[in-house]
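Read through the structure below, which is laid out as structure tokens, and then see the notes.
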Amino acid sequence: MSRVVVSARSGSSSPPLASRPAWKALVAHHRDIEGLHLRQLFADDPRRGERFSAEAAGWYVDYSKNRITDETIRLLLELAERRGLRERMAAMFRGDPVNTSEKRAALHTALRARRGERLVVEDTDVVPEVHAVLDRMTVFADQLRSGEWRGHTGQRIRNVVNIGIGGSDLGPVMAFEALRHYSQRDLTLRFVSNVDTTDFFEATRDLDAAQTLFIVCSKTFTTLETLTNVHAARAWSVAQLGEARAVARHFVAVSTNAEAVAQFGIDPALMFGFWDWVGGRYSMDSAIGLSTMIAVRAENFRAMLAGFHAVDEHFQTAPLRQNLPALMGLLAIWNTDFLDAATLAVLPYEQYLKRLPAYLQQLTMESNGKHVTLGGSHVDCATSPIVWGEPGTNGRHSFYQLLHQGTQLVACDFIGFCQGLNPPGRDDDRHDLLIANLFAQTEALAFGKTAAEVRADGTPEALVLHRVFEGNRPSNTLLAERLTPHALGALVALYEHSVFTQGVIWNIDSFDQWGVEFGKVLAQRTLLHLQGVEAPALTHDSSTNTLIRRYRRLRKEAP
Ligand code: G6Q
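The working numbering puts the first residue of the sequence shown at -11, with every later residue one more than the last.
See the structure below:
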């Protein structure tokens, strides 16, 4: 184990992770099995592929191609028990303020509670509120899809533009792309997030304002990028529709800040609320998913929620040995902290999941990219892996080279479905080709190709080393029947709870995001300097000052 990155600061309230017996046992165990190769592990146990697998909510996860033994799993489960995974899980589901730095609950699981379930937080049963919002969303989505909801000029809405950023964008984009197969094809869905004017321009340049609805998604309704884009959207709409009054039927908001929404001029009756206890990156199944519901119909949105819920139940009730999100989280700990795999490649073999890596990047890295424990001391091990990825098979023709023969170990999650969506049916073998690629990659990464095997192919001696694949590269394979709304919800929940499990082991707050807040403040100050409001006394470092001066000079010369 080489990724102990920083030492614990003195005065911490609880002993550092690395000094805990359960952690030390894993360090010793790692030393014992470091030399083992997956080739050997599979040869020794013909049933390994079945034994190291688990199922939940329609997902089958094969984790046998990780560098683990039964003892590794036993020790990881022991670590989870010692770190209080069960208790922390119960606290989260109960609505305790597990987001300690912001003193808030993290109750995204309530967003998919079934009607009639009870969850009392601070004397209020939140489930009826959740369903009241879902019901309002359903009515609105149905009206929009059927053409009953008309714009100012009486025309039908044909375009829906979601404006939001971070958690108010990545979930809706990912879900829309993932469920596009189920979407109403005569509705155009677009997403604007970046404050770069190009984003808004390209999203709206061919749209008719009389047929366009903007959904403004912002939990706080104070985010600079989103407010800037909403102002642009209003100006764009007014310019086409002729008067400010005319845009009222073209804007709805999703927010927790009713006051700011009203101040902006959006009718509170057209606001869909959610709650403080829903973190941005955990909000795609709240009203933030309004665009998803409009695209795919309320019934499919609710099927997605049922998928989330099925995994919530599994996470709470399955023994840890068969508990998929717990196992995924513990394997991430093993790969990150013991095998030194700093990154996780998410590789969906399903084109509709093309935005899943970006979504999981935020979910994972914003949740667990932290250096301070809940007790306020510095962590003493590496935390969140860096998440990245692309759909297969495209990735194979670019970065897979490094996965197979690079010098850095990359953990991989391969995701696939037994049935493709296009075209339906079994007569087309292109889906077989896709999945053959997926399985072949996991096999090649695990087993590699030895020098003897390369020589046996008749390879000239000078090329033998070039053609050797060491193998022993860890991967999980996540397989489901087909990409349905239910399967998508379940998949996202698997990752949510895996991320939670990792946070529990590292004892960090997976639900705050001070790094994001810091960035928001920084930009405001620099903006004043860029625009010369506080010139000429630039007070940044010499690099930033020089860049600002250069920018100001060239900006003035803009055509
Ligand atoms: C998510 C983060 C962050 C947030 C955006 C947008 O967990 O907090 O990505 O979602 O900064 O914030 P608003 O929804 O408040 O505009």
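Just so it is clear, CB atoms sit at the ideal spot from N, CA and C, and this is done for glycine as well.
Spatially closest choice to residue i from the options, by CA coordinates
i	options	result
Asp130	Val442, Ala283, Leu535 and Val242	Ala283
Lys53	Ala45, Trp47 and Ser41	Ser41
Val442	Phe457, Phe435 and Leu433	Phe457
Ala562	Thr210, Thr208, Ala236 and Lys207	With the chain covering only -11 through 547, there is no way to say anything about residue 562.
Leu14	Phe30, Pro34, Tyr48 and Ile61	Ile61
Gly268	Phe209, Leu319 and Ala306	Phe209
Gly383	Thr352, Tyr337, Gly404 and Ala432	Tyr337
Asn356	Gly520, Arg541 and Val504	Val504
Val367	Leu308, Pro373 and Trp494	Trp494
Ala570	Tyr48, Ala333, Gly155 and Asn464	Limits of the chain in this structure are -11 at one end and 547 at the other, which puts residue 570 out of reach.
Leu26	Leu467, Leu476 and Lys437	Lys437
Gly46	Thr532, Thr216 and Pro473	Pro473
Pro345	Leu308, Ile403 and Leu515	Ile403
Val109	Ala163, Thr126, Leu467 and Val86	Val86
Glu378	Tyr388, Thr371 and Cys369	Tyr388
Cys406	Leu467, Thr216 and Gly277	Leu467
Met125	Gly261, Glu431, Ala223 and Ser156	Gly261
Glu431	His419, Asp416, Arg414 and Gly459	Gly459
Glu59	Ala44, Asp20 and Pro34	Asp20
Leu258	Val121, Val266 and Arg82	Val121
Leu348	Leu526, Arg138, Thr88 and Gly155	Gly155
Asp174	Leu212, Lys207, Ser134 and His18	Ser134
Val487	Val375, Thr305, Asp417 and Asp416	Val375
Gln429	Val183, Ala333 and Ile276	Ala333
Lys544	Gly520, Ala197 and Thr527	Gly520
Leu24	Lys12, Tyr48 and Arg55	Arg55
His169	Ala525, Leu476, Ala481 and Leu308	Leu476
Nearest-angstrom Cα separation, counted from residue j out to residue i
i	j	result
Val(-6)	Arg8	For Val(-6), the predicted structure reports a pLDDT of 43, less than 50, and the residue's modelled location is therefore unreliable. The matter cannot be settled from this model.
Pro547	Ala191	24 Å
Met77	Glu354	19 Å
Arg178	Pro4	47 Å
His140	Phe128	16 Å
Val398	Pro462	7 Å
Ala444	Thr185	58 Å
Ala6	Gly72	16 Å
Ser(-2)	Thr324	No answer about Ser(-2) holds up, because its pLDDT of 39 lies below 50 and its placement is not dependable.
Phe506	Thr57	42 Å
Gly104	Asn425	45 Å
Gln501	Pro412	42 Å
His297	Val118	14 Å
Cys598	Val242	Outside the shown range of the chain, which is -11 to 547, sits residue 598, and nothing can be said about it.
Arg100	Pro313	17 Å
Ala320	Pro373	8 Å
Leu158	Leu390	27 Å
His485	Leu351	10 Å
Arg537	Phe189	28 Å
Arg455	Leu65	38 Å
Ala93	Phe239	30 Å
Val218	Arg193	15 Å
Arg285	Val452	56 Å
His302	Ala291	17 Å
Val509	Gly408	45 Å
Thr534	Phe499	37 Å
Ala329	Ile496	20 Å
Asp255	Ser225	16 Å
Ser279	Phe164	8 Å
Glu558	His392	No answer is possible for residue 558: it lies beyond the span of the chain, which begins at -11 and ends at 547.
Arg138	Ile145	6 Å
Gly363	Thr88	10 Å
Residues sharing a beta bridge with residue i, DSSP
i	result
Leu467	Tyr48 and Gly404
Lys437	Phe457
Val108	Asp113
Pro411	DSSP, once it has assigned bridges, lists no residue as partnering Pro411.
Arg92	Asn87
Leu335	Phe402
Worksheet item: What are the complete alpha helix (DSSP H) segments, minimum 4 residues, inside the stretch 340 to 407?
Response: 344 to 356 and 388 to 393
Discussion item. Going residue by residue through the stretch 129 to 203, where are the continuous alpha helix (DSSP H) segments of at least 4 residues, counting only ones entirely within it?
Written reply: Listed in chain order, they are 158 to 166 and 185 to 192.
Worksheet item: If you scan the stretch 228 to 295 from start to end, which runs of the beta strand (DSSP E) of 3 or more residues do you find wholly inside it?
Response: Qualifying beta strand (DSSP E) stretches, in chain order: 239 to 243 and 259 to 261.
Worksheet entry | Complete beta strand (DSSP E) runs within the stretch 460 to 544 (minimum length 3 residues, chain order) | 463 to 468
Practice prompt. Quick one: which unbroken beta strand (DSSP E) runs of 3-plus residues sit fully inside the stretch 20 to 87? Chain order, please.
Written response: 41 to 44 and 47 to 50
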